[in-house]
Structures are given as C-alpha cells and as structure tokens.
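Numbering (the working numbering), first residue to last: 48 to 176.
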C-alpha cells in the first residue's frame, strides 16, 4: 500500500514540475475555484473549521498568482491582475468574517473569468505557434 501511495505522490509531483507555465496558471485557477467552492459548502453547513481551511487555501493560491506576476514586462496587465487578485482576497475575507457565500461566489466568478481568458490565450498561442 505504501509503495502505491509513494508512486501516486511522485506522479502528482511530476504533474506540477513538468507542466508549462501556462498550464501551471490554469492549475492554480482550478485549485482556487475548487477551494472557493469548498468554502461555500462549508459556510452552508456552518462548518467553521472547514471554511477557514478552504479560504486559507484559496488565498494561498491567489497569493501565489500575485507572486508570479511580472510587473517589469507585464506593466499594466500585471497591475490590473494584481488589483483583481487583491479584490478577490478582500471578497474571500468578507465571506470568511460574515459567513456569507455571496462574496466567495463573486470571487469565484472573477477567477473563473480569468481562467477562461487564460485558456483562450493558450488556444491562440497554440494556433499561432
């Protein structure tokens, strides 16, 4: 059993270390959406500990996205994304403190729209590359 688990862990680790930067961003968006939805589910059933963990993981992913921004080359786009990510963090904090899913739903909608745009950029790069 342990050998199977170690193999699975190696597979999971390899999935992230071999992914392209574009794919890594998509994976981060997917993770943020997943943890945001977990937070909503926890708020709905008043699972305060689960909500806190899910929101913390959601925020960790958003902070990772912020840290990956290239302000030198990206300039205005990076600044706009930074503002959106900061706003999403604020929404998740409101959801956390007010136990209101509406804020987290808004945050997830923003991340989902960014993910869709990022997917489209990837398709265009593949078509033109």
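Positions of the beta carbon are idealized from the N, C-alpha and C atoms, including for glycine.
Predicted model only: the values in this text are computed from it and were never measured.
Selected residue, minimal CA-CA separation from residue i, among the options
| i | options | result |
| --- | --- | --- |
| residue 160 | 80, 68, 101 and 70 | 80 |
| residue 132 | 116, 146, 122 and 145 | 116 |
| residue 148 | 74, 126, 89 and 66 | 89 |
| residue 96 | 170, 146 and 134 | 146 |
| residue 109 | 92, 140 and 168 | 140 |
| residue 99 | 150, 125, 167 and 143 | 143 |
| residue 156 | 130, 138, 123 and 72 | 138 |
| residue 78 | 170, 114, 158 and 166 | 158 |
| residue 74 | 154, 162, 170 and 86 | 162 |
| residue 85 | 68, 106, 72 and 71 | 106 |
Helix, strand or coil at residue i [DSSP, three-state]
| i | result |
| --- | --- |
| residue 161 | helix |
| residue 130 | helix |
| residue 140 | helix |
| residue 149 | helix |
| residue 156 | helix |
| residue 125 | helix |
| residue 63 | Note that residue 63 has pLDDT 49, beneath the 50 cutoff, so the model's placement of it is unreliable and the number below is only indicative. Here residue 63 sits in helix by DSSP. |
Problem set entry | Length at least 3, wholly inside the stretch 70-113: the beta strand (DSSP E) runs in chain order | none
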